[in-house]
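Taking it in order: structure first as structure tokens, then the write-up.
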Amino acid sequence: MTVDLLLTHGYRLFEDPHELAVMKPYPPLGILYLSSHLKAQGFGVEVFDSTFADRDAFERRLDELRPPVVGIYTNLMTRVNVLHLIARCKARGAFVVLGGPDPASHADRYLAAGADAIVIGEGEVTLAELLSARPGQGPADLSRIVGLVFRGPDGRTVRTLPRANLPDLDAQPFPDREAIDLDRYVTTWREHHGRGSVSLITARGCPYTCTWCSHAVYGYTHRRRSPENVADEVEHIIERYRPEMLWYADDVFTIHRTWLTRYADELERRGIRIPFETISREDRLDEEIVATLARMGAFRIWVGAESGSQRVLDAMKRRTDAARVPEVVHQLQRAGIEAGMFIMLGFDGEELSDLEETVALLKRADPDIFLTTVAYPIEGTPYAQQVADRILPLVPWEQGSDRDRTVAGRHSRRFYRHATRWMVNDVAFHRERTRGSRNLKRLGRTWLNARLGRAGMRLTAREVEQGNPAPG
Ligand code: B12
Ligand code: SF4
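Its first residue numbered 60, the sequence shown is counted upward by one per residue in the numbering used here.
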């Protein structure tokens with residue numbers, strides 16, 4: 060079959076020290092959805108999965124296939140690699156189209172770097188129309204295709220009208236996992252964590268308004284698949300890949316109470332109960348939902364708690380109640396489900412007292428695990444707009460990502476390193492003590508690290524991010 064399109068994503072696990080320590084890889088589902096949709100329409104599609112590949116493997120595949128069009132999924136983490144791939148593809152005369160959240164918010168930059176077109180929003184129908192226009196095989200009229208950004212003949216950026224979302228997600232084929240070596244992911248999980256895992260999504264888009272979160276692809280819309288359709292996919296995954304667990308990669312898995320109950324019933328009816336992990340929010344968890352999650356086999360639920368300070372949560376437009384988080388965490392733990400918490404430090408306007416409230420919240424909630432991030436302004440988000448005149452790029456745009464940006468006037472990165480050290484160790488020390496631990500080494504280490512972190516915070520309290528807020 061002739062290849063009309065080569066899809067790839069540019070993420071390489073072996074170059075990501077963080078992921079090498081964690082070893083919990085998943086493939087990007089977006090391009091697998093595109094592949095199955097386009098194949099069903101009769102297009103010749105290949106997927107080059109870069110996750111386990113070395114630097115030169117993509118070029119070798121490019122030379123073998125010589126595709127007229129290359130489509131690249133791009134998020135903020137993969138920007139540098141994708142820029143490199145664009146150049147390689149252009150050197151071979153391919154038409155390069157980008158999709159995913161990062162190019163949607165940095166369209167001009169990616170076009171200047173050589174991309175021919177950027178798809179905004181869902182890619183299925185837009186890509187099908189683009190391929191039908193046969194770019195890469197002569198001049199194509201892109202102006203009739205909605206959901207695109209490209210350079211017109213005069214060199215100016217053209218943005219066509221927005222593309223409507225797919226009306227019925229059940230009508231979409233399942234992601235084309237056969238196009239990649241999914242078994243390698245499952246085996247990697249099994250080798251490092253004792254059980255193999257496969258990811259899937261039950262919905263697209265999140266209607267919540269957390270100001271630091273990117274809505275570049277789905278806006279504030281939300282669409283769900285039917286419980287039966289998702290259960291069919293789960294049945295297929297279990298039969299084909301035999302994983303020991305699933306990861307529902309939804310934004311907020313428990314967002315719809317009735318749907319969740321119907322889905323749990325459907326799984327039960329089919330005799331499926333497989334351990335899984337997923338993400339939720341305080342306001343989308345209660346005794347009944349937790350019982351449903353436990354019935355389905357949940358072993359860990361992540362709660363996006365973010366801050367212990369209601370003032371900060373309100374500033375984030377998070378629409379959650381900090382005071383209720385411990386209750387929710389304890390409900391999960393009573394149901395035999397591990398509770399994880401996400402915490403964000405350094406949001407605009409956060410004071411020392413807010414950080415103290417977060418530490419106090421963590422002590423009260425006592426989750427099984429928590430992960431911290433220092434806020435960074437993702438382009439296109441309300442948070443990035445709010446601090447736009449204070450954004451400091453730490454590296455030139457093409458050498459990093461939106462994570463390599465900080466905000467002038469807020470505490471220094473050193474301060475947040477100390478604050479994180481204090482937070483993690485103070486909470487760990489509290490945990491050991493309240494559990495009556497006699498592990499003196501651990502007690503001593505966490506106590507000392509908490510003190511050192513706090514001392515570091517005092518020493519760096521007056522250090523603020525400084526620099527020229529000009530775009531990188
Ligand atoms: C699952 C997930 C993860 C997982 C797994 C990633 C993976 N390999 O799948 C994990 C936990 C590892 C993860 C980590 C991170 N993530 Co993440 N993640 C997600 C999440 C929740 C779902 C992704 C997904 O499967 N979506 C479903 C598919 C169907 O949608 P899609 O990918 O957008 O694809 C559609 C369109 O974008 C388009 N499209 C996609 N590719 C292409 C390609 C072409 C050529 C075209 C034309 C169109 C097109 O068509 C697709 C189908 O309609 C998204 C949020 C979201 N809802 O999308 C965040 C999201 C992608 N993650 C995000 C971030 C910030 C991160 C981290 C940087 C977080 C961190 N602090 O470490 C890391 C980076 C990791 C990395 N290595 O890249 C941001 C990215 C923002 C940005 N501007 O780039 C998002 C959007 C969350 C958010 N709302 O802010 N993530
Ligand atoms: S952080 Fe989570 S709940 Fe908030 S808008 Fe983003 S996906 Fe939705």
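Glycine included, every Cβ here is placed at the ideal spot set by N, Cα and C. The model shown is predicted, which means the values in this text are computed figures rather than measured ones.
Following the DSSP letters along the chain, one finds residue 388 inside the alpha helix (DSSP H) bounded by residues 384-393. In the structure shown, the three-state DSSP call for residue 163 is helix.
If you draw a straight line from the Cα of residue 409 to the Cα of residue 174, it is about 39 Å long. Judged by pairs of C-beta atoms under 8 Å, the segment 459-473 touches the segment 400-414, as three or more such pairs exist. In the pairwise beta carbon analysis, the segment 60-71 is classified as touching the segment 128-142: at least three pairs are separated by under 8 Å. In the assembly as shown, residue 395 is an exposed residue. Its beta-carbon has fewer than 16 other beta-carbons within 10 Å.
A distance below 7 Å separates the beta carbons of residue 334 and residue 304.
Here the distance from the Cβ of residue 267 to the nearest heavy atom of the ligand SF4 is below 6 Å. One alpha carbon belongs to residue 254, the other to residue 79, and they sit about 17 Å apart. Scanning 139, 309 and 245 for the CA closest to the CA of residue 297 turns up 245. Rounded to the nearest whole angstrom, the C-alpha separation of residue 242 and residue 205 is 36 Å.
Checking the 6 Å criterion, the Cβ of residue 426 is out of range of every heavy atom belonging to the ligand B12. Judged by beta-carbon spacing, residue 428 lies beyond the 7 Å limit of residue 391, meaning their Cβ atoms are not closer than that value. With contact defined as three or more Cβ pairs closer than 8 Å, the segment 488-502 and the segment 444-459 are not in contact. A residue is called buried once 16 or more other Cβ atoms fall within 10 Å of its Cβ, and residue 73, having fewer, is exposed. A distance criterion of 6 Å places the beta-carbon of residue 90 in contact range of the ligand B12, judged by its closest non-hydrogen atom. The C-beta distance from residue 482 to residue 431 rounds to 7 Å, short enough to fall under 8 Å.
When secondary structure is reduced to three states using DSSP, residue 441 falls in the helix class.
Residue 403 carries a strand assignment under DSSP once its states are collapsed to helix, strand and coil. For residue 339, the three-state secondary structure derived from DSSP is strand. Taking the CA atoms as reference points, residue 106 sits about 25 Å from residue 81.
Between residue 229 and residue 285, the CB-CB gap stays under 7 Å.
Cβ atoms of residue 265 and residue 310 come within 8 Å of each other, at about 4 Å.
For residue 412, the three-state secondary structure derived from DSSP is helix.
In this structure, 478 is the residue among 488, 478 and 378 with its C-alpha nearest to the C-alpha of residue 417. Residues of the same chain with a CB within less than 7 Å of the CB of residue 441, apart from the 5 flanking positions on each side, are 270 in chain order. Within the same chain, 481 come within 7 Å of residue 513 by CB-CB distance, once the 5 residues on both sides are set aside. Leaving aside the five residues that flank residue 247 on each side, the residues in its chain whose CB is nearer than 7 Å to its CB run, in chain order, 82 and 84. Three or more pairs of CB atoms, one per stretch, sit closer than 8 Å, so the segment 306-325 contacts the segment 336-343. Between residue 71 and residue 109, the CB-CB gap stays under 7 Å.
Of the other Cβ atoms in all chains shown, fewer than 16 fall within 10 Å of the Cβ of residue 216; this residue is therefore exposed.
Judged by DSSP secondary structure, residue 311 falls outside any alpha helix (DSSP H); it is assigned neither H nor E. Rounded to the nearest angstrom, the Cβ distance from residue 92 to residue 183 is 7 Å, consistent with a contact under 8 Å.
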